[in-house]
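**Student:** Below is one structure. I have some questions about it.
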Ligand code: IPM
Ligand code: MN
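Written out as structure tokens, the structure reads:
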């Protein structure tokens with residue numbers, strides 16, 4: 475297969491984790507006889523510094539011409555100090571999501587046997603956790619009308635959803651649960667919010683198309699609690715943009731390090747694969763970042779192309795490296811390996827694997 479992939483490395487540790495992922499994708503294509511045609515584009519603070527726009531048209535057009543986007547991270551502390559700044563790196567991510575129509579953000583949370591004790595949560599609570607969030611990504615309060623009063627002393631943000639937006643997101647959730655344990659939890663705040671009542675109403679109407687799926691509805695505050703009390707209770711969880719943002723950060727704690735969790739954002743035009751961690755500016759250029767989240771995002775990418783064996787080999791090679799104690803600094807204070815060493819180990823595991 476020939477694949478056109480664009481790298482958007484962005485800021486902070488983005489370039490380092492993307493580099494390791496490219497090594498892994500190249501190893502996979504050699505092993506399975508694929509050809510990847512790489513392109514690259516600028517995004518985030520890097521793009522603001524270079525051209526004054528965190529998601530320039532040129533980058534957007536390159537994404538449109540790619541089969542997939544491999545995304546690092548955006549964000550730079552120099553923009554965080556002044557809330558009045560008009561142009562910010564995060565806007566690059568948000569406009570990419572909107573312009574590419576990346577409506578469904580798939581964020582799995584799982585544990586590695588060897589790393590269970592790295593989690594601040596008790597082993598008996600998190601053992602066997604394997605859940606997937608499907609977060610709506612192009613609407614809701616992130617993109618609704620917002621503003622300030624003339625005296626600037628009051629402000630508002632609007633959570634706005636259309637039925638069609640909920641339906642297409644819910645379809646991803648239902649389809650995913652059909653491939654898994656057929657359990658779908660819909661998270662909302664329907665006891666208070668009208669937009670949540672529309673979510674519930676819309677999804678309830680879809681239930682008859684998926685008679686095998688057992689669908690439950692829970693309030694977001696309750697899920698925030700139960701997620702860390704008994705994560706194994708859940709399988710596929712679907713929710714709106716803001717609730718999904720908050721809950722997926724919470725869920726990442728289960729795995730032991732946010733540096734481990736991948737994501738895929740399914741789009742109308744192309745799809746984006748990215749680690750769920752941010753730009754981690756303190757670690758920039760130090761070769762200490764954990765590349766696993768980005769490498770596992772590549773595994774999700776191959777899976778979405780229907781290349782299941784390729785995806786499995788990446789997962790296996792990552793697991794093998796963890797099993798052999800090859801851990802970056804976030805998971806091991808002594809005897810840690812560097813970002814590039816871990817990338818090399820994973821690549822070696824790919825080449826060493828005998829079919
Ligand atoms: C995420 C991030 C983004 C979000 C920020 C950087 C805009 O936190 O991808 O979860 O809030 O969606
Ligand atoms: Mn977030």
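In this note's numbering, the protein residues as written are 475 to 829. Every residue gets a Cβ at the ideal spot worked out from N, C-alpha and C, and that includes glycine.
#1: Along the beta strand (DSSP E) that carries residue 713, what are the first and last residues, could you check?
#2: Which complete alpha helix (DSSP H) runs does the region 541-618 hold, if anything under 4 residues is left out?
#3: Using a 10 Å radius around the Cβ and a threshold of 16 neighbouring Cβ atoms, would you call residue 607 buried or exposed?
#4: I need the straight-line Cα distance from residue 417 to residue 817, nearest angstrom please.
#5: Does the beta carbon of residue 614 fall short of 7 Å from some heavy atom of the ligand IPM?
#6: So, residue 533 versus residue 574, is the Cβ gap smaller than 8 Å?
#7: With distances taken between CB atoms, is the gap from residue 605 to residue 583 smaller than 8 Å?
#8: Could you give the first and the last residue of the continuous alpha helix (DSSP H) run that contains residue 669?
#9: Between residue 776 and residue 510, how many whole angstroms is the CB-CB distance? I'm expecting something under 8 Å.
#10: May I have a chain-ordered list of the alpha helix (DSSP H) segments no shorter than 4 residues that lie completely inside the region 743-799?
#11: Of all residues in the structure, which have a C-beta closer than 6 Å to any heavy atom of the ligand ADP, taken in chain order?
#12: Under the criterion of a Cβ to heavy atom distance below 7 Å, does residue 559 qualify as lining the ligand IPM?
#13: What's the gap between the Cα of residue 562 and the Cα of residue 800?
#14: Considering only C-alpha positions, which residue in the set 653, 486, 491 and 541 is nearest to residue 740?
#15: Can you find the residues in the same chain that come closer than 7 Å, C-beta to C-beta, to residue 778, ignoring five residues on each side of it along the sequence?
#16: Give me the Cβ distance between residue 757 and residue 491, rounded to the nearest whole Å; I'm assuming they're in contact under 8 Å.
#17: Please find out if some non-hydrogen atom of the ligand IPM comes closer than 7 Å to the beta-carbon of residue 568.
#18: Is it the case that the CB of residue 549 approaches a heavy atom of the ligand IPM more closely than 7 Å?
#19: Take every Cβ of the region 780-794, pair it with every Cβ of the region 521-530, and state whether three or more of those distances are shorter than 8 Å.
#20: Taking C-alpha atoms, which residue in 721, 827, 759 and 558 lies nearest to residue 695?
#21: Is the beta carbon of residue 644 sitting closer than 8 Å to the one on residue 712?
#22: Tell me which residue opens and which closes the alpha helix (DSSP H) that residue 846 is part of.
#23: Does the region 696-716 touch the region 641-655, meaning 3 or more C-beta pairs lie closer than 8 Å?
#24: Considering Cα atoms alone, identify which of 662, 504, 727 and 725 is closest to residue 822.
#25: Does the distance between the C-beta of residue 610 and the nearest non-hydrogen atom of the ligand IPM fall short of 7 Å?
**Tutor:** For this structure:
#1: Walking along the chain shown from the start, residue 713 turns up at place 239. Residue 713 -> beta strand (DSSP E) spans 710-713.
#2: 563-573 and 597-600
#3: Numbered from 1 along the chain shown, position 133 holds the residue referred to as residue 607. Result: buried.
#4: A question about residue 417 goes unanswered here, because the residues of the chain that appear run from 475 up to 829.
#5: Taking the chain shown and counting its residues from 1, one reaches residue 614 at position 140. No, the Cβ of residue 614 stays beyond 7 Å of every heavy atom of the ligand IPM.
#6: Counting from one through the chain shown, the residue named residue 533 turns up at place 59. Counting from one through the chain shown, the residue named residue 574 turns up at place 100. Not a contact, by the Cβ cut-off of 8 Å.
#7: Here residue 605 corresponds to residue number 131 of the chain shown, with the count starting at 1. Here residue 583 corresponds to residue number 109 of the chain shown, with the count starting at 1. Cβ distance < 8 Å, so residue 605 and residue 583 count as in contact.
#8: Locating residue 669 in the chain shown gives position 195, counting from the first residue. Taken as a continuous stretch (DSSP letters only), the alpha helix (DSSP H) holding residue 669 covers 668-680.
#9: Reading the chain shown from its first residue, position 302 is the one you call residue 776. Reading the chain shown from its first residue, position 36 is the one you call residue 510. Not a contact, Cβ separation roughly 11 Å.
#10: 766-778 and 782-797
#11: The ligand ADP is not part of this structure, which contains only the ligand IPM and the ligand MN.
#12: Looking up residue 559 in the chain shown gives position 85. No, the Cβ of residue 559 stays beyond 7 Å of every heavy atom of the ligand IPM.
#13: On the chain shown, residue 562 is found 88 positions in, with the first residue counted as 1. On the chain shown, residue 800 is found 326 positions in, with the first residue counted as 1. Approximately 36 Å between the Cα atoms of the pair.
#14: Position 266 of the chain shown holds residue 740. Taking only the C-alpha atoms, the option nearest residue 740 is 541.
#15: For this step, residue 778 is matched to residue 304 along the chain shown. Excluding positions up to five away in sequence, the list reads 738 and 745.
#16: One-based indexing of the chain shown puts residue 757 at position 283. One-based indexing of the chain shown puts residue 491 at position 17. The pair is not a contact, with the Cβ atoms about 10 Å apart (cut-off 8 Å).
#17: By one-based count along the chain shown, residue 568 stands at place 94. Indeed, a heavy atom of the ligand IPM lies less than 7 Å from the Cβ.
#18: Taking the chain shown and counting its residues from 1, the one referred to as residue 549 is at position 75. The answer is yes for residue 549.
#19: no
#20: Indexing the chain shown from 1 puts residue 695 at position 221. It is 721 whose Cα lies nearest to the Cα of residue 695.
#21: Locating residue 644 in the chain shown gives position 170, counting from the first residue. Locating residue 712 in the chain shown gives position 238, counting from the first residue. It is a contact, given that the beta carbons lie within the stated cut-off.
#22: In the structure displayed, the chain extends from 475 to 829; residue 846 sits before or after that span and is not available.
#23: yes
#24: As a first step, residue 822 must be located in the chain shown, where it is residue number 348. Ranking the options by Cα distance to residue 822, first place goes to 504.
#25: Locating residue 610 in the chain shown gives position 136, counting from the first residue. Result no, Cβ not under 7 Å from the ligand IPM.
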